[in-house]
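Read through the structure below, which is laid out as structure tokens, and then see the notes.
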Amino acid sequence: MSKQDVFIVDGSRTPFLKARGKPGPFLASDLAVAAARPLLLRQNFPLDALDEVIVGCIMPSADEANIARVIALRLGIPQTVPAWTVQRNCASGMQALDSAYHNISAGHADLILAGGTESMSRAPVLYNDLMVNWLSMLMSAKTFGQKLQVFTKLRPAHLKPVIALVRGLTDPIVGLSMGQTTEKIAYRFGITRDQMDEFSVTSHKRLAEAHDSGRLEEIEAIYDGRGNYYDFDDGIRRDSSMPNLARLKPYFDRTYGMVTPGNSAQITDGAAMLILASAKMVKKYDLPVLAKIKDSQWAGLDPAEMGLGPAHAMAPILKRNKLTINDIDYWEINEAFAGQVLGCIEAWQRDDYCKEHLGFKTAIGEIPHEKLNIDGGSVSMGHPVGASGARIVLHLANVLKHKNAHRGIASLCIGGGQGGAMMIERAGEQ
Amino acid sequence: MAYQNWMIEKDDDDICWLHLDVADSSTNVLSSAVLDELNQILNELAQSLPKGIVFVSDKNNGFIAGADINEFTHITTEQQATDFLQRGHDIMNKIESLPCVSVAMIKGFCLGGGMELALACSYRVMCDDKSTRVGLPEIKLGIHPGYGGSVRSILKAGPVAAMNAMLTGRMLTGRVAKSMNLVDDLVPERQLKRAARYFVINKPIPRPLGIKDKIMNHRLVRPLIANQMRKTVAKKAPQQHYPAPYQLISLWQKHMDNPRRMLEKEIESVASLVTNPTAQNLVRVFFLMENLKTQGRKKDFDPRHIHVIGGGVMGGDIAAWCALRGFNVTVQDQKPEMLAGTMQRSLTMFQKKFKKDKRSIRESMDRLVPDTKGVGIKQADLIIEAIFEDKNVKQTLYKSIEPQMKEGAILATNTSSIPLEELATCLKDPGRLVGIHFFNPVALMPLVEIVRGENTDEKIMNQALAFGRHIDKLPLPVKSSPGFLVNRILMPYLLEAVEMVGEGIAPEMVDKAALNFGMPMGPIELADTVGLDVCRSVATILSKDQNLNLPKRMESMVEHKKLGKKSGEGFYKWVKGKPVKDKNASYANLKELEDRMIMRFLNEAAACLREKVVATEDLIDAGVIFGTGFAPFRGGPLHYIHAQGVATLSNRLDELNKLYGTRFKANEVWDSLGSG
């Protein structure tokens, strides 16, 4: 169905840096610039060969309007190359890749820098409406007496801030926090706290093993100018174990719930940037090819069960391409919550769910645990919301390369009740 | 009437725009011809007075760079100087007393005489772009403002700010000049003409001096402030070597109550300075600097990407400096912790340079890419290697990077001790290797030695010289021989100083003797600052070819890890980055110490001339002044030899030879110097 083949040429990401309760050292644009600079330096094409720059980001800072353009210009990409920002919540990074994929596929572009970035630690803290109204009264007060009068109206309630990050992670339609939507999925499919914690321990173990093996070459160290550098995902817990995780209290549904900070993705800063190209550009500049993008899919579902998004987005790709689970060598399903990934796996094994919601006659089958997120995921490395969608596609491509495998699917759930998925292939074993 | 240098344009509002475009010159300077024409123009305008006049430059590079320094060199007597200055004063007074408004519209450099002209106008409007700077840098030439600038700047900016600007001679950004009240408004280029017109039409009342400035200017307060100024100046420029700042301070202290009188006294003061050897030598230094600037032609090389290998202090600072000058830079080191340090020092450098200009700081940081994998190698037009001094390691590196390099890319080494010819043997194309030798600290040292190896291509050499100009340094072409020019000349002088300490003379006295001669820092303090291990390794390399003995004292200090500033103790103890000096140290015959050090310095300079390490006497003087800080008011070592008399100094060498040994044996070139 695509008119032009679309190739992933190369990609880099920053280490994912856990938010430590205060603004982190990097703005979202700093992160994307740090990931993309070495990436671009590795390439053989001049920067003006780029047709556009597309970046996903949910909450840029006040000085980063259309952050993609800010990033492009800071990278020294010529002013004549346009840039635009995309936002599809947790899938913004994948949306950037998908937009690039479609533009190249349709022949509108041949070479695109695309990816995602997020500095969650720097998410804005806002004045509430009371305070904004009070400030406006103060501005319009002319005389000293009037101003004094306005000052007497200031109350403690005015000072309660609006924390954009908390609001952003709460569904505005159904009123549930993202963690609560996972509690709902666990309830529906009978997923236990132990299952969630076990999944999380594995995530940490796998990420630690991947780091130690040195195969995470996609990570570019980032420097803060204060004498520090960061070269690994610092949210990793090498001491993660069932007893350790069991000690944590449920965070979203307090007291009786199962979803804890330990089996959820961490609040994190990071960026992942990729270069996508048409066959024409691959040939012209003799570019390396990491993988080919074969297909992509977006899906909508009940916002209260948004975590099942991947089950809904991946199913049509299998169906359309007449593939079964066995045809997929490796899977990356973003670990927003351990319970939500487990829910997706469970849903695909239920005849009734697959029939009612996914248009299959019977269950699709079981995604093998040893082929899923084999180098860990967001539970262990964190989930910089705008960046993760780009990271899982980049990492999947690298997994296929290291394993000399052929086909993989990357997918994630999206706050608001959506799912996104992308299938890639490389010329590995068939 | 048509003029050679000026163009008069009258507009519908009866404003007269005086365009200056000095004939046969790339820069506007106030030469005699320019001033004579201006005098005529002013006389003419007095006949039919316009609503106002605006001074404009038609040169792209600036408003007016100053007086014509060439003319300055022809002045030999005080009377000539007085006449020269009086003519300038008459014209500035004429502008000031015009019955109509006058405005200086400043874009680009506005310095010295140019600034004095601007100050004589009723108003000054200044462009806010980065290349526009104003200043009164006369002090750097051993004089002070002489076209009324000392008086008028104080009247506009107050004594503290104006004297500070004149005593340091620094260039002022628009922001600073505006806050000092030296200019009346600071506007973007698009509003510059409209602003000039606004001032002519509206004649706003200029900002008066504040109460504080009026107090500082008071007859009874001035002596206190003046003494404070003298103390501050003395730290940098002792009176016996640099009279100008002291005369400027006295001029203000004595005559501020009567500006008319102060203007007259300004002429007297500058006239006495112009003929003083200090001023003449500093003018010589100015021309030496211009000479170095012409060694590289920017158009010979258009690099975009610089790759620096080595994230130590030297490599990191070179990389940061290149990024600051606008290049895309990768700085490579295997160790990310080294690069983390590099990025920290770079940020500090950028913050110092750009102050509150956060966007420029970020741009420079974005241009500087830390690189652990060497991704910058194949992008680079120039690779600068600045790793530690080990021939084998360097050669292994060169062999691995040469195949990745772009066609035509230059490989440069920052080595100070390994001959280029030896390094080049491992290269397929030895012609692409050149030396680019920086000095520490990179951001402050103006000189770079561009080292021509036996194999270095002429084109590569010229490109390296051009690069020196691109990064706003002074490039000195030198032959590849041990120590090149600067280190080689410094070393005998440093070792003689160490020798004297070994003889039991207090280091404080050794340093004092050198300061008496006019060195910027004593040699013992310098050795401690550079690091005794570094000194020893340079000296060891030089001693192979030269008549150098390593003082035992240095050896033992290095063995005991007394390395100087960095280890906390060398010849001095170092506390908080400052040497602790014994105030009670004394020595009877400081002149003898001075002679021993300086004569070895001069003798080595003569040897470099004989061996053609550098092509000409002037280039040796230039390299030594900008590379070592050699007393600038003495005009350079070879100039000094001629000024003192070759015979006198070579006799002194013979005496020292008899007293202290053959290291004082006069170099053969001294005989030929006499005839030169």
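Chains A and B are the protein sequences, given in the same order. The opening residue of the first sequence carries number 1 in the numbering used here; numbering runs sequentially from there. The opening residue of the second sequence carries number 1001 in the numbering used here; numbering runs sequentially from there. Ideal placement from N, C-alpha and C gives every residue a C-beta, glycine not left out. Note that the coordinates shown come from a computational prediction; the quantities given were computed from them, not determined experimentally.
By DSSP's assignment, Gly-115(A) forms a beta bridge with Val-55(A) and Met-273(A). Bounds of the alpha helix (DSSP H) holding Ile-1460(B) are 1458-1470.
Leaving aside the five residues that flank Asp-194(A) on each side, the residues in its chain whose CB is nearer than 8 Å to its CB run, in chain order, Met-242. Contact with chain B is found for Leu-41(A), since one of that chain's Cβ atoms lies less than 7 Å from the residue's Cβ.
Along the stretch 1336-1351 of chain B, going in chain order, the ones with a CB nearer than 8 Å to a CB of chain A are Pro-1336, Glu-1337, Leu-1339, Ala-1340, Gly-1341, Met-1343, Gln-1344, Ser-1346 and Leu-1347. Per DSSP, the continuous beta strand (DSSP E) segment holding Glu-332(A) begins and ends at 330-333.
With respect to the C-alpha of Cys-1100(B), the residue from Gly-1052(B), Leu-1656(B) and Met-1229(B) having the closest C-alpha is Gly-1052(B). Within chain B, Pro-1336 have C-beta atoms less than 8 Å from the C-beta of Asp-231(A), given in sequence order. When C-alpha distances from Lys-1378(B) are compared across Thr-1372(B), Lys-1352(B) and Ala-1409(B), the shortest belongs to Ala-1409(B). DSSP places Asp-194(A) in the uninterrupted alpha helix (DSSP H) bounded by 193-213. Taking the CA atoms as reference points, Val-259(A) sits about 7 Å from Glu-183(A). Taking the CA atoms as reference points, Ala-28(A) sits about 8 Å from Cys-57(A). Beta-bridge annotation (DSSP): Ile-163(A) is paired with Val-125(A). In the three-state scheme derived from DSSP, where H, G and I count as helix and E and B as strand, Gln-87(A) is classed as coil. Within the same chain, Cβ atoms closer than 7 Å to the Cβ of Cys-1426(B) are found at Gln-1395, Tyr-1398 and Lys-1399, the five residues on either side in sequence being excluded. Within the stretch 1587-1637 of chain B, the complete alpha helix (DSSP H) segments of 4 residues or longer fall at 1590-1610 and 1617-1628, listed in chain order. Between Ala-68(A) and Thr-85(A), the gap from beta carbon to beta carbon is short of 7 Å. Per DSSP, the beta bridge partners of Ile-1008(B) are Leu-1018(B). For the stretch 68-81 of chain A, the residues whose beta carbon sits under 7 Å from a beta carbon of chain B are, in order, Arg-74 and Gly-76. No Cβ of chain A is located within less than 7 Å of the beta carbon of Val-1442(B).
Boundaries of the alpha helix (DSSP H) harbouring Leu-1656(B): 1646-1660, taken from the DSSP string. Under the DSSP assignment, Leu-1476(B) falls in the beta strand (DSSP E) whose first and last residues are 1474-1479. Per DSSP, the beta-bridge partners of Ala-410(A) are Glu-332(A) and Met-422(A).
Inter-segment contact for the stretch 270-286 of chain A and the stretch 43-61 of chain A is present: three or more beta-carbon pairs are separated by less than 8 Å. The shortest CA-to-CA distance from Leu-1609(B) to any of Leu-1485(B), Gly-1568(B) and Trp-1574(B) is the one to Leu-1485(B). Fully enclosed alpha helix (DSSP H) runs of no fewer than 4 residues occupy 1149-1157, 1159-1168, 1174-1180 and 1192-1202 of the stretch 1128-1203 of chain B, in order along the chain.
Segment contact: the stretch 1121-1137 of chain B against the stretch 1172-1179 of chain B, three or more CB-CB distances shorter than 8 Å; contact assigned. Look at Arg-1452(B) here: in three-state DSSP terms it is strand. The stretch 82-101 of chain A makes no contact with the stretch 34-48 of chain A: fewer than 3 CB pairs, one atom from each, lie closer than 8 Å. The shortest CA-to-CA distance from Pro-1303(B) to any of Tyr-1147(B), Met-1597(B) and His-1470(B) is the one to His-1470(B). Across the structure, Met-1126(B) and Asp-1185(B) are spaced so that their CA atoms are roughly 6 Å apart. Shown here, Pro-1370(B) sits in a strand according to DSSP, grouped into three states. Look at Glu-1503(B) here: in three-state DSSP terms it is coil, with no helix or strand label. Taking one beta carbon from each stretch, the stretch 1542-1556 of chain B and the stretch 1473-1491 of chain B have 3 or more pairs nearer than 8 Å; the two touch. Beta-bridge partners assigned by DSSP to Cys-1110(B): Ile-1064(B) and Val-1134(B).
A Cβ of chain A is located within less than 7 Å of the beta carbon of Gln-1379(B).
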